[in-house]
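Asks:
There are 2 protein chains.
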Amino acid sequence: MHTPHPRPLDLLARELAILDTTTSLLHWDAETGMPPRASAWRAEQTAYLASKSHHLLTRTEVDQWIREAMDECDPSDLHSLSNLRLWRRQHDQASKLPAEFVETWEKTTSLARDQWVAARASSSFSTFEPWLTKLISLARDKARYLCDGGATYDVWLDLHDPGVTCQDVRDCFGSLVPELRTLLSPAMATTRGPDLLSEKHPYPQESQVKLNRAVLDLIGFDWEEGALALSAHPFSTTLGPCDSRITTRYTEDSFLGSLYGTLHEGGHALYSQGLPKNLHADPVGQAVSYTLHESQSRLWENIVGRSQLFAPTLTSLIASHFPQLADLSPSDYWRACNKVEPSHIRTEADEVTYNLHIALRFEIEAALFDGTLEAAGIPTFWNELSEKFLGIRPPDDANGCLQDIHWSAGLFGYFPSYTLGNLASAQIYQAATAANPTLEPALADGNCLPLLRWLQDHIHSHASLYPPQELLLHTTGARLHSAPFLLYLKKKFL
Amino acid sequence: MHTPHPRPLDLLARELAILDTTTSLLHWDAETGMPPRASAWRAEQTAYLASKSHHLLTRTEVDQWIREAMDECDPSDLHSLSNLRLWRRQHDQASKLPAEFVETWEKTTSLARDQWVAARASSSFSTFEPWLTKLISLARDKARYLCDGGATYDVWLDLHDPGVTCQDVRDCFGSLVPELRTLLSPAMATTRGPDLLSEKHPYPQESQVKLNRAVLDLIGFDWEEGALALSAHPFSTTLGPCDSRITTRYTEDSFLGSLYGTLHEGGHALYSQGLPKNLHADPVGQAVSYTLHESQSRLWENIVGRSQLFAPTLTSLIASHFPQLADLSPSDYWRACNKVEPSHIRTEADEVTYNLHIALRFEIEAALFDGTLEAAGIPTFWNELSEKFLGIRPPDDANGCLQDIHWSAGLFGYFPSYTLGNLASAQIYQAATAANPTLEPALADGNCLPLLRWLQDHIHSHASLYPPQELLLHTTGARLHSAPFLLYLKKKFL
Chain E
5 MHTPHPRPLD LLARELAILD TTTSLLHWDA ETGMPPRASA WRAEQTAYLA SKSHHLLTRT
65 EVDQWIREAM DECDPSDLHS LSNLRLWRRQ HDQASKLPAE FVETWEKTTS LARDQWVAAR
125 ASSSFSTFEP WLTKLISLAR DKARYLCDGG ATYDVWLDLH DPGVTCQDVR DCFGSLVPEL
185 RTLLSPAMAT TRGPDLLSEK HPYPQESQVK LNRAVLDLIG FDWEEGALAL SAHPFSTTLG
245 PCDSRITTRY TEDSFLGSLY GTLHEGGHAL YSQGLPKNLH ADPVGQAVSY TLHESQSRLW
305 ENIVGRSQLF APTLTSLIAS HFPQLADLSP SDYWRACNKV EPSHIRTEAD EVTYNLHIAL
365 RFEIEAALFD GTLEAAGIPT FWNELSEKFL GIRPPDDANG CLQDIHWSAG LFGYFPSYTL
425 GNLASAQIYQ AATAANPTLE PALADGNCLP LLRWLQDHIH SHASLYPPQE LLLHTTGARL
485 HSAPFLLYLK KKFL
Chain U
5 MHTPHPRPLD LLARELAILD TTTSLLHWDA ETGMPPRASA WRAEQTAYLA SKSHHLLTRT
65 EVDQWIREAM DECDPSDLHS LSNLRLWRRQ HDQASKLPAE FVETWEKTTS LARDQWVAAR
125 ASSSFSTFEP WLTKLISLAR DKARYLCDGG ATYDVWLDLH DPGVTCQDVR DCFGSLVPEL
185 RTLLSPAMAT TRGPDLLSEK HPYPQESQVK LNRAVLDLIG FDWEEGALAL SAHPFSTTLG
245 PCDSRITTRY TEDSFLGSLY GTLHEGGHAL YSQGLPKNLH ADPVGQAVSY TLHESQSRLW
305 ENIVGRSQLF APTLTSLIAS HFPQLADLSP SDYWRACNKV EPSHIRTEAD EVTYNLHIAL
365 RFEIEAALFD GTLEAAGIPT FWNELSEKFL GIRPPDDANG CLQDIHWSAG LFGYFPSYTL
425 GNLASAQIYQ AATAANPTLE PALADGNCLP LLRWLQDHIH SHASLYPPQE LLLHTTGARL
485 HSAPFLLYLK KKFL
């Protein structure tokens, strides 16, 4: 018996995976280890690899290979069919983008990051504005290349969440925002109390690192195939089939930011670590959508990490790393880590106001893509929307429109995935605990592995076998809807 | 006026530089941040990029481009002539290697690293032996492809130090080894004394990191274009025109290993940081040889870092990081950091015995390439040579033939560069201080910058404009010889 020759699409998949994971390493290193003046050359490197990748994916033979594979495919082989459907999507999308555009896009987003970091540090929107103008212009170009005459914002949403449109998101916020605004006051009352954690600072960074590592152990993060590092803006990334890494950031006056950042990014990493390794280079082996990715991160960060059920475990772990908190009770800790209150920074927002932060960003992006807003108008519009949704105005742009890394990295249309991910997380958790009544007792004992196993079996291991809405339907019996999330918040805060 | 089109060799240089610096990042990350199970995929990545690089460099057009550029070159343009001479060397060497060999070589050396780490940790030569056999076989193949019928070890020496032959190294050790053996006893007597540093351990890693950063500041390391990290085996690497990084390792019972590791690798980084940035992608813009590279690292590590002149500055810096050493005198510190005594680990050896460690490795490599030694025979031969040169036998292979990373990384013929670099460092320092009598008074004041400036002007900035022996002749008025090094040791220890 001899091994058959790998088919051309399999060879291409391997080559693209090598280029893409190498690009991911270039980005990871830029955030975690690269010295400041290295960024110009780094932009050359990422642009070069992106061009190579684009060139490989758009060769005319690829179209032919997909057709041939389709013709040869057994119609009952769902796996191969899904894989070819995704190849088709990838090839067709890439083919609509000119090579020069791909290089310019990659170089600009790579260089813009430094500009954003500097602008945020000095809260100087005006220094970032020309870069943002350029990024928005390129993002509109990209959407125009891809849109086939449809709405350009829809293209960006679809890139992260296949099938989701601007109208879907508008409808979602249309019902969600009033409910959240109604919930706000009672939830603030429920979680009001003395600030027990701030009183006891400082929390040395070294101890926070140890705590975060212990929490990652607890949720089942695999250190043989992952790492935790420090960066200015927390993120997670996949550098290969056995290499899922996350970052967090530290301030010594509170450990909550680094801890919940770790749980959030750790949730992303658990999804990556649960993807089928034998398919890691295939389109069908990738995470299915950003909504589903965020559902995993928000589930571990909030539904588990901020639950009453898990509070005793977390409180005793925290006390073992910070002796000054030896007397902290689980209920006091629960209140401290759930404090509901309008605030400026999205990543540190509570579960009620978080989605209002996203609603604000959605309005801005929608306006950018329907052409009614330009970069120069963002700060004013941001502050008005902050007043409208959260009832507060940022003291400066560092706490307002400069706070997020996304636009500088070319991530437009990403923010809605956070809210859709929140909805999905509640829907999935409801389904999981209904299907398996032992999950919550295990969590109460500090044992996260049964829940992780369930998520692996019902979400992670399927990768992109089904379209995202279909996967959710399979897993939870319903398409994405907001009822489970609102029920969850009401049970929690009322 | 318009910019002329870049010539094909310039475009190729840029492309190769992108691929090579990206490969360097893949290696850097493998040593500093990669989780354990990621190594198999990492080997795929490095093999892929090496293949691409080899493919680009060996295309038949390249030969034609070099010829055309030679024809067009102004005979008085030394810079372009040198660049084309080096292009010719690179292209011809690469063209002699089959593509499959390049991929196998890259994959094997990438995977062998893990095997070496594990074997050293358990001091188990037998688990590494099959890998070493494979590596030696590939190294012999590589040399046979490149040698044009000459001696295979000469090829490996020439790869690191253009022009150096096995006979050159044999002649060098022939005179050096007896001199060093004669020096050993008196130097041991000079540096004998109570072990003042060990008595005062532990030295917390965090403080060692701060000390190392302060020492790098002192010697002029540019943090805007460099970084310091932790790895199992210290090394330095260049990831781009503005990105020179180094690693060190820590044990809390002594800070000397991490400090002198940092000075050594820092010396390499100063050379890289001093290369002309506008030529970073050109063959003529690279470091000229490993001997010259090691001359820079050994100069900062030993001639400066272990000098009486610099001891007051270093002692007070050390005391400011380790309060338990507040009473340490510069002369006591000088004795502690210069203690001469045969020992097992090369990287921690004193200046007299260090070159005996290299003589041992040279004998082994020479025997491997003349075919009189195979992997299985290395431990016995190593231990015999250790007895012969150093008068001691390693207690196990971890302290013997498994101690160095080099062979597992495919670095054969590298070790002699350390000794040749030691000779060059003394010769260069002698020339520098003779030419500029203010350098040593500045060093005595803790000011390293005049010396660094001299090295930048006379070594670093020339990159590969001249062949290495010629550069040394220009800079010091003599070809490489051992008299300045022996004079230096005798003045220091007698």
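From first to last, the protein sequence lines stand for chains E and U.
The first sequence runs 5 to 498 under the working numbering.
The second sequence runs 5 to 498 under the working numbering.
Where a beta carbon is used, it is the ideal one built from N, C-alpha and C, also for glycine.
Keep in mind the model is a prediction, meaning the values are calculated, not measured.
1. Under the three-state reduction of DSSP, which class applies to E:Leu234: helix, strand or coil?
2. Beta-carbon within less than 7 Å of U:Phe177's beta-carbon, same chain only, minus the 5 sequence neighbours each way: which residues are those?
3. List in chain order: all unbroken alpha helix (DSSP H) runs of 4+ residues lying wholly within the stretch 139-204 of chain E.
4. Provide the residue(s) that pair with E:Asp247 in DSSP beta bridges, ordered along the chain.
5. Flag this pair as yes or no: are the beta carbons of U:Thr266 and U:Val219 separated by less than 8 Å?
6. What residue range does the alpha helix (DSSP H) around E:Arg457 cover?
7. Show which residues of chain E have a CB atom less than 7 Å away from the CB atom of U:Pro40.
8. Output the boundary residues of the alpha helix (DSSP H) element that contains E:Asp41.
9. Could you give the distance in angstroms between the alpha-carbon of E:Gly375 and the alpha-carbon of E:Ala116?
10. If we ignore side chains and look at the alpha-carbon of each, how far apart do U:Glu19 and E:Tyr337 end up?
11. Going by beta-carbon coordinates alone, are E:His59 and E:Ala17 separated by less than 8 Å?
12. Kindly list, in the order they appear in chain E, the residues whose Cβ is closer than 9 Å to that of U:Trp45.
13. Would you verify that the beta carbon of U:Gln290 is, or is not, closer than 8 Å to some beta carbon of chain E?
14. Determine the direct distance from the alpha carbon of E:Ser347 to that of E:Ala560, and round the result to whole angstroms.
15. What's the C-alpha gap between E:Glu95 and U:Leu424?
16. In or out: E:Met5 buried (at least 16 other Cβ within 10 Å) or exposed?
17. Check whether the stretch 280-298 of chain E and the stretch 240-249 of chain E touch, using three or more Cβ-Cβ pairs below 8 Å as the test.
18. Looking at E:Ile322 and E:Leu313, is the spacing between their C-beta atoms short of 8 Å?
19. List the residues that DSSP assigns as beta-bridge partners of U:Ser258.
20. Tell me the residue span of the alpha helix (DSSP H) that contains E:His325.
21. Let me see if you follow: with CB-CB separation under 8 Å, is U:Ala233 close to chain E or not?
22. Does the Cβ of E:Asp331 have 16 or more other Cβ atoms within 10 Å, making it buried, or fewer, making it exposed?
23. Need the endpoints of the alpha helix (DSSP H) that U:Ile349 sits in, please.
24. Within 10 Å of its beta-carbon, does E:Ala428 have 16 or more other beta-carbons around it, so buried, or fewer, so exposed?
25. Using a 10 Å radius around the Cβ and a threshold of 16 neighbouring Cβ atoms, would you call E:Pro445 buried or exposed?
26. Per DSSP, what kind of secondary structure is E:Ala21 in: helix, strand or coil?
27. Give a yes or no on whether the minimum CB-CB distance between U:Met5 and chain E is below 8 Å.
28. Going along chain U, which residues have a C-beta under 9 Å from E:Asp33?
29. Would you kindly work out how many angstroms separate the C-alpha atoms of U:Arg457 and U:Pro441, rounded to a whole number?
30. Could you tell me how far apart the beta carbons of E:Leu279 and E:Gly289 are, in whole angstroms, since I believe they sit closer than 8 Å?
31. Does the distance from the CB of U:Ile507 to the CB of U:Ser262 come in under 8 Å?
32. Any beta carbon of chain U sitting closer than 8 Å to that of E:Tyr358?
33. Any beta carbon from chain E within less than 8 Å of U:Gln49's own beta carbon?
34. Quick one: what does DSSP say U:Tyr433 is sitting in, helix, strand or coil?
35. Nearest chain U C-beta to E:Tyr52 closer than 8 Å, yes or no?
Replies: So, from the data block:
1. strand
2. Ala363, Phe366
3. 156-164, 170-195, 200-203
4. Partner(s): E:Gly244.
5. yes
6. 453-462
7. Glu228
8. It is Arg, not Asp, that sits at residue 41 of chain E in the sequence shown. Per DSSP, E:Arg41 is not a residue of any alpha helix (DSSP H), being assigned neither H nor E.
9. 22 Å
10. 55 Å
11. no
12. Ala21, Ile22, Thr25, Leu243, Gly244, Pro245, Cys246, Asp247, His284
13. No, its Cβ sits nowhere closer than 8 Å to a Cβ of chain E.
14. Past the edges of chain E, shown from 5 to 498, lies residue 560 of chain E, and the structure says nothing about it.
15. At residue 95 of chain E the sequence reads His, which differs from the Glu that was named. The straight-line gap from Cα to Cα measures roughly 55 Å.
16. The predicted position of E:Met5 is uncertain, since its pLDDT is 44 and thus under 50; no value can be drawn from it.
17. A contact is defined here as three or more CB-CB pairs under 8 Å, and the stretch 280-298 of chain E meets this definition with respect to the stretch 240-249 of chain E.
18. no
19. U:Thr255
20. That run of the alpha helix (DSSP H) goes 315-325.
21. yes
22. So E:Asp331 ends up on the exposed side.
23. Note, U:Ile349: premise wrong, no alpha helix (DSSP H); not H, not E.
24. The residue is buried, with at least 16 neighbouring Cβ atoms inside 10 Å.
25. exposed
26. helix
27. Any reading at U:Met5 must be qualified, since the residue scores a pLDDT of 44, below 50, and its modelled position is unreliable; no value is offered.
28. Leu29, Trp32, Asp33, Gly37, Leu243
29. Spanning the two alpha carbons is a distance of roughly 14 Å.
30. 6 Å
31. Since the first and last residues shown for chain U are 5 and 498, residue 507 of chain U lies out of range.
32. No, no contact with chain U.
33. yes
34. helix
35. yes
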